[in-house]
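Enquirer:
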Amino acid sequence: MPECAGTRGFSSKDRLEVHQKKVHEGITHPFKCQDCGKAFRLLSTTKLHYKSIHLGQFSFKCEFCGQGFVSRAALQKHRVIHTKERNYKCSQCPKDFKTVLGRDLHIRYAHTGKIDR
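Each residue of the sequence shown is one higher than the last, beginning at 1 in the UniProt record's numbering.
#1: In the DSSP assignment, what are the bridge partners of A39?
#2: Looking only at DSSP bridge pairs, what is F97 linked to?
#3: Which of the three DSSP states is assigned to C26 in this structure?
#4: Reducing DSSP to helix, strand and coil, say where G56 ends up.
#5: Could you check whether F60 and H49 sit closer than 8 angstroms to each other, using their CB atoms as the reference points?
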């Protein structure tokens, strides 16, 4: 079993190598995509990135439009564009919105007069 002085053993050489990079070398994103080189903190996130971005494989598909997503949460967030639900209400006027972002942009531009460019 691979070990690092002063710590418990690691189940594989790969896990020991990740530990050494994170703890002893200060590398916070030790996993790199084999195609584009983008770095990730977790191996699982690296695999999701590779499958979705480079292979076009998604675990979740929208039943309305067929768009693919890497997580159930991302799919659920997307689904609201296909429904009439408008759960995000403006606190300053009667308007309501499908997304938090839509509401927040409305408040910024309609009620504060700020335009960030």
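The beta carbon of each residue, even a glycine, is placed where N, CA and C say it ideally should be.
Expert: Answer, in terms of the structure:
#1: In the DSSP assignment, A39 is bridged to K32.
#2: As a beta-bridge residue in DSSP terms, F97 pairs with Y88.
#3: Residue identity check: residue 26 is Gly in the sequence provided, not Cys. Residue state, collapsed to three classes: coil.
#4: Coil.
#5: Pairing H49 with F60 gives a Cβ-Cβ distance that is not under 8 angstroms.
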